[in-house]
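Everything in the sequence shown is counted per UniProt numbering, starting at 1 for the first residue and increasing by one.
Glycine residues also receive a C-beta, built at the ideal position from the N, C-alpha and C atoms.
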Amino acid sequence: TADDGVSGRELYAHDPVTGTTTRVEDIASGPTASTPTLLTAISDIIEAGSRADGTPFPGDPLATGNVLTNDTDADTGDTKEVVGVAAGTVGGPLAAGVGDPIVGTYGTLVLDADGVFNYTLDNVEA
Numbered sequence: 001t002a003d004d005g006v007s008g009r010e011l012y013a014h015d016p017v018t019g020t021t022t023r024v025e026d027i028a029s030g031p032t033a034s035t036p037t038l039l040t041a042i043s044d045i046i047e048a049g050s051r052a053d054g055t056p057f058p059g060d061p062l063a064t065g066n067v068l069t070n071d072t073d074a075d076t077g078d079t080k081e082v083v084g085v086a087a088g089t090v091g092g093p094l095a096a097g098v099g100d101p102i103v104g105t106y107g108t109l110v111l112d113a114d115g116v117f118n119y120t121l122d123n124v125e126a
C-alpha cells in the first residue's frame, strides 16, 4: 500500500486500464512514511470525430499540467523534481526519459523535471 510504513521516496506504477496503482520500488529511505496523492485531471483531451449529424470537429489534442502541483514534502526547503519517466512496465528505479518524447499507443508525452507535462493525442490512432 502507499502508506506501508516504509519511509522516503518510493516509485509507483499506475495502470489506467484497471485503475490500480502499485508500489514498484522503495528508492530512498527517509524519516516519514510516504503517501502518494492521485493527480486529478488538469486538462482533458478531446478526440477528433464527428457529431451525430455527421459534422466533423477537430477536438483538442493537447493536455497540459504539472504532476508536482499537489505534492508536498515534510522537509521544509526541499525541492521536488521528476527524475524518470517511461512507457510500459518498469523493472526498477527509473532515471531517464525526463524531457524526452515518450511515444505511446495513442499519443506522445513530454514530462520535464519541474513536473510540467504536455500530452499530444495522435488522432489517427485514438
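task = Could you tell me if E85 is buried or exposed, where buried requires 16 or more neighbouring beta carbons within 10 angstroms of its beta carbon?
result = Taking the sequence shown and counting its residues from 1, the one referred to as residue 85 is at position 85. Correcting the residue identity first, residue 85 is Val in this sequence and not Glu. V85 is buried by the Cβ-count criterion.
G104 beta carbon less than 7 Å from that of L121 = Along the sequence shown, one-based indexing puts residue 121 at 121. Along the sequence shown, one-based indexing puts residue 104 at 104. No. Outside cutoff.
inquiry  = DSSP three-state label for V110, please.
reply    = By one-based count along the sequence shown, residue 110 stands at place 110. Three-state DSSP puts V110 in a strand.
ask   = When the distance is taken between beta carbons, is V67 closer than 7 Å to G115?
value = In the sequence shown, the residue the question calls residue 115 occupies position 115. In the sequence shown, the residue the question calls residue 67 occupies position 67. Contact flag set, yes.
query = Is N118 near T64, with beta carbons less than 7 Å apart?
reply = Translated into the one-based positions of the sequence shown, residue 118 becomes position 118. Translated into the one-based positions of the sequence shown, residue 64 becomes position 64. Result yes, Cβ atoms of N118 and T64 sit closer than 7 Å.
Where T64 falls: helix, strand or coil (DSSP) = Here residue 64 corresponds to residue number 64 of the sequence shown, with the count starting at 1. DSSP places T64 in strand when its eight states are reduced to three.
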